[in-house]
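> Residues in the sequence shown are numbered from 3 upward in steps of one, following the working numbering.
Beta carbons are placed, not taken as given, at the ideal position from N, Cα and C, and that holds for glycine.
Please read these numbers as outputs of a predicted model, since none were measured by experiment.
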Amino acid sequence: MAFKNKLPIPGVVQVLNPFKVKKQRIMNFNPAEGVTTRKPAAETKITVFDYNISLCSELVLNKIEETFKYANAPQLSWINIDGIRKEEVHAVCEQFIIHPLLEEDILSVGQRAKMDEINDRMFCLLPMIYFNSETSSIDLEQVSIVLGRNFVISFQEDPARDVFDPVRAKLLITGSRIRNGGADYLCYSLLDVIIDNYFIVMDKLGERIEMMEDLVQHQPNTRTLARINYLRRQVFLFKRAIAPVRELVNGFLKSESDLLDDKVTKYYKDVYDHIIQCNDLADNYRDMVLNLQEMYHTQLNLKMNEIMKVLAVVTTLMAPPTLLAGIYGMNFHNMPELASANGYYYTLGGMGILLVLMIMIFRKRGWF
């Protein structure tokens, strides 16, 4: 099987970063760093689903002030804000009585997944993960969700994409479970679709790992090693992003908040089972990538051993002819067969016979 490298790597820089993508920072130990470094979004998209059992309206709003009326609306509302700007987030938090500490978390960058309860508001922050097929990398987007009595507010960083389309489709179906449920069920639905998307990303990573297993066996070179290291980084980044989500979901299960109905708890338990399974698979993928590195070194050693074996056989086969040629190449006057008319041919014949005998012996012993 032949493997073609679609991404040429002519230089050292490309060997270290074969896909020419911006390196993602895996180790971030300053959770407050993002408060001062976040750049305001170039555009903001505000959508609202205002619904009850029989009616559902989907609205696209132009100004953040238009969301204020849903703070005390009798119907359930899902307010989704794509694109984070400090002034708009502050206005929403002030109107919907969201604590300043939660506002700070919404504005932060690179936060660890977490869950909090403050002032009759439940808050969770977790990564939304996408797989970039062009670079074989994962992209992280921080999502913040606020649960109130009759509303759910979600804050996203990227207005161009999300994974909430299945939730939107269910909201438009009359009589669906999400239309019959409360705000707590809507919050569960958002968490569920985010975590289900983790499995889609893992399937893509699994395909890359399987491809690398074949590549290591056929092309154990420095380019392959660079790709293994790059894939290992992506798997580690994915594992680090989803690991705290288990604690987040467990926080909902242990919560005694009046915002959560006992009937909805079983759904959060299902999400908890999914994230545990997701963490287990991520651990397996991490081990598989580490095994890829070991397989690479093993294949490299096998290749080197094959080369050394060929060189050793060639050297051994050439030793007797070299010895004979060295002996008869000495400048002594009194040597046997020097005056023989057929001495040259006898010597070449003896060399050939020795070579054949040695090859037969090596073959019989299975040395090559």
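1. Can you give, in chain order, each stretch of the alpha helix (DSSP H) that sits fully within the segment 156 to 233 and has at least 4 residues?
2. Need the endpoints of the alpha helix (DSSP H) that N293 sits in, please.
3. In whole angstroms, what is the alpha-carbon distance linking I48 and K65?
4. Name the DSSP beta bridge partners of K116, please?
5. Give the DSSP-derived three-state secondary structure of V91 in the structure shown.
6. Who are the Cβ neighbours of I83 in its own chain at under 6 Å, not counting the five residues just before and after it?
7. Under 8 Å Cβ to Cβ from M297, same chain only, skipping five residues before and after it: list those, please.
8. Would the segment 48 to 62 and the segment 127 to 137 be scored as touching if the rule is three or more Cβ pairs under 8 Å?
9. Given a cut-off of 8 Å, decide if C280 and F201 are closer than it, judged by their beta-carbon atoms.
10. Take the Cβ of H335 as the centre, count every other Cβ of all protein chains shown within 10 Å, and call the residue buried at 16 or more, exposed below.
11. Let's see if you can read the secondary structure: which residues bound the beta strand (DSSP E) around L149?
12. Can you give me the C-alpha to C-alpha distance between I120 and I99, rounded to a whole angstrom?
13. Is the Cβ-Cβ distance between Y269 and V251 less than 8 Å?
14. Whose C-beta lies closer than 7 Å to the C-beta of W243 among residues of the same chain, with five residues either side of it excluded?
15. Pull up the distance between the alpha-carbon of F240 and that of F133, whole angstroms please.
16. Quick check on the burial criterion: 16 or more other C-beta atoms within 10 angstroms. Buried or exposed for Y187?
17. Rounded to whole angstroms, what is the Cα-Cα separation between E68 and A228?
18. State yes or no: is the C-beta of A43 within less than 8 Å of the C-beta of G85?
19. Assuming R181 contacts I55 under a Cβ cut-off of 8 Å, what Cβ separation, rounded to an integer in Å, is found between them?
20. Taking 7 Å as the cut-off, does the CB of I55 come closer than this to any heavy atom belonging to the ligand GTP?
Walking through what the data contain:
1. 167 to 173, 179 to 182, 185 to 220
2. Within the sequence shown, the letter at position 291 stands for residue 293. N293 -> alpha helix (DSSP H) spans 267 to 330.
3. Your numbering for residue 48 matches position 46 in the sequence shown. Your numbering for residue 65 matches position 63 in the sequence shown. Rounded to whole angstroms, I48 and K65 show a C-alpha spacing of 8 Å.
4. Counted from its first residue, the sequence shown places residue 116 at position 114. K116 is bridged to L127.
5. For the purposes of this step, residue 91 is taken as the residue at position 89 of the sequence shown. Helix.
6. Here residue 83 refers to the residue found at position 81 of the sequence shown. Only I48, F157 meet the Cβ criterion.
7. Translated into the one-based positions of the sequence shown, residue 297 becomes position 295. Within the same chain, M297 has close Cβ partners E215, V218, Q219.
8. Look at the beta carbons and you see the segment 48 to 62 not touching the segment 127 to 137: under three pairs across the two are nearer than 8 Å.
9. Locating residue 201 in the sequence shown gives position 199, where the first residue counts as 1. Locating residue 280 in the sequence shown gives position 278, where the first residue counts as 1. Yes, the Cβ-Cβ distance between F201 and C280 is below 8 Å.
10. What you label residue 335 is simply residue 333 of the sequence shown in a count that begins at 1. Counting Cβ neighbours within 10 Å, H335 comes out exposed, since fewer than 16 surround it.
11. Taking the first residue of the sequence shown as position 1, residue 149 is located at position 147. Its beta strand (DSSP E) spans residues 139 to 149.
12. Counting from one through the sequence shown, the residue named residue 120 turns up at place 118. Counting from one through the sequence shown, the residue named residue 99 turns up at place 97. Taking the straight line joining both Cα atoms gives about 10 Å.
13. Locating residue 269 in the sequence shown gives position 267, counting from the first residue. Locating residue 251 in the sequence shown gives position 249, counting from the first residue. No; because the gap between Cβ atoms is not below 8 Å, this pair is not in contact.
14. Position 241 of the sequence shown holds residue 243. The displayed chain sequence assigns Ala, not Trp, to residue 243. Hits under 7 Å: P129, I131, L142.
15. Position 238 of the sequence shown, counting from 1, holds the residue named residue 240. Position 131 of the sequence shown, counting from 1, holds the residue named residue 133. If you take the alpha carbons of F240 and F133, they lie about 10 Å apart.
16. One-based indexing of the sequence shown puts residue 187 at position 185. Burial call: buried.
17. The residue labelled residue 68 in the question sits at position 66 within the sequence shown. The residue labelled residue 228 in the question sits at position 226 within the sequence shown. Spanning the two alpha carbons is a distance of roughly 51 Å.
18. The sequence position of residue 43 within the sequence shown is 41, counting from 1. The sequence position of residue 85 within the sequence shown is 83, counting from 1. If you check the CB distance, A43 and G85 come in under 8 Å.
19. For the purposes of this step, residue 181 is taken as the residue at position 179 of the sequence shown. For the purposes of this step, residue 55 is taken as the residue at position 53 of the sequence shown. At roughly 6 Å, the Cβ-Cβ gap stays under 8 Å, so R181 and I55 are in contact.
20. The ligand GTP is absent from the structure shown, which contains no ligands of any kind.
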